[in-house]
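What follows is a short report on a single structure.
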Amino acid sequence: MLNDFIKISTLTKNEISSLIDDANAFKSLAKNSDVKGKTACLMFFENSTRTKISFEVAAKNLDMRVINFDNATSSINKGETLKETVENLYFIGIDTVIIRTSNDTLIEDLRDNVEYPIKFINAGSGKSSHPSQALLDYFTMKEKLGDVCGKKIVIVGDIEHSRVAKSNIELLKKFGAEIVICAPEFFKPEVQLDGAVFEADLKTAIKNADVVMGLRIQRERILEAYSEEEYIKNYRLNSEILEQYAPNAILMHPGPVNRDVEITSELLDSTKGKIILEQARNGVYTRMAVLNQLLGEERL
Ligand code: CP
């Protein structure tokens, strides 16, 4: 069983594979809930549709109770710290807090400082970590490719500000994928990302790829100068370029897509673009697996 679900880097290959097995079992209705009656609290301090709602659907599918924390009306606005808030939630009966935050380290800090055994789930933190997205992406790749070992997976776009890219690289390198990251200079990661090779030219990067994953330009997180015009000219994915350089590749994107910026509408609305919706659906099963493994033991 898991102690928390905060970073891909601290999960073992066996733990990830066990989550994938459980997600498969939930998808095929072959597994029942071990966590019926447990309570999850969604604490989203940044916007979300997919992650927030699929965690809620996942919890409800497992017969859990779900509370939506409303930051605007909470006592945080009366000066209560998040640590105090989480500790009070534990005593009120919350078993897990599912947190999305712009802060890279806040969830780990809470885990290390909260004195009670409430379980922490990272639903996206800063530009460093989005472990449940990486898990659902890996689940989707396995469904489409069988295995990722030796497969060429190309991640294109705003790598520097993307937590999705970082968590995917951490996960995919554990399973032996060949990972290529491709970005303009203004979105190239400031630090080398272990396990991934950088290629600035889109056509070279995607040549014979098995997966081409676009990323959302994280407009809300970008402080430096960048050019969407230049991005569109050199990095936007379209059917023609995929057909020419990576005809067998599956197209993925965590969503939401900046339509006609990262991917053209004609590609997004084609059959190839539909896998992005399958990713969203797979988020439910993988998040069910996370909740079930994290909470499937007696409350302390
Ligand atoms: N992929 C993703 O995290 O989407 P949301 O921001 O809608 O949750």
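Residue numbering for the sequence shown is -6 to 293, as defined by our numbering.
Cβ coordinates follow ideal geometry from the N, Cα and C atoms, glycine included.
Nothing here was measured: the structure is a model prediction, and the numbers come from that model.
Problem - Separation of Lys6 from Glu49, as counted between CA atoms - result: 26 angstroms
Exercise for the section: Kindly identify the DSSP beta-bridge partner or partners of Met245. Expected result: Met206
Exercise for the section: Could you tell me which residues DSSP puts in a beta bridge with Val173? Expected result: Val147 and Val190
Practice task
State yes or no: is the C-beta of Ala189 within less than 8 angstroms of the C-beta of Val204?
Solution key: no
Exercise for the section: Using the Cα positions of Lys29 and Val79, report the straight-line distance between them to the nearest angstrom. Expected result: 22 angstroms
Problem - Assumed close pair Ala273, Ser47 - CB separation to whole angstroms, cut-off 8 angstroms - result: 7 angstroms
Exercise for the section: Helix, strand or coil for Met57, going by three-state DSSP, please let me know. Expected result: coil
Handout entry: Arg58: CB within 7 angstroms of a non-hydrogen atom of ligand 1
Key = no
Exercise for the section: Out of His154, Thr257 and Arg156, point me to the one whose CA is closest to Ile225's CA. Expected result: Thr257
Handout entry: C-beta atoms of Ile333 and Lys135 nearer than 8 angstroms
Key = No information on residue 333 is available, as it lies outside the stretch -6 to 293 that the chain covers here.
Exercise for the section: For the stretch 104 to 121 and the stretch 55 to 64, state whether three or more C-beta atom pairs, one from each stretch, are separated by less than 8 angstroms. Expected result: no
Practice task
Give the range of the beta strand (DSSP E) segment to which Ala116 is assigned.
Solution key: Lys112 to Ser118
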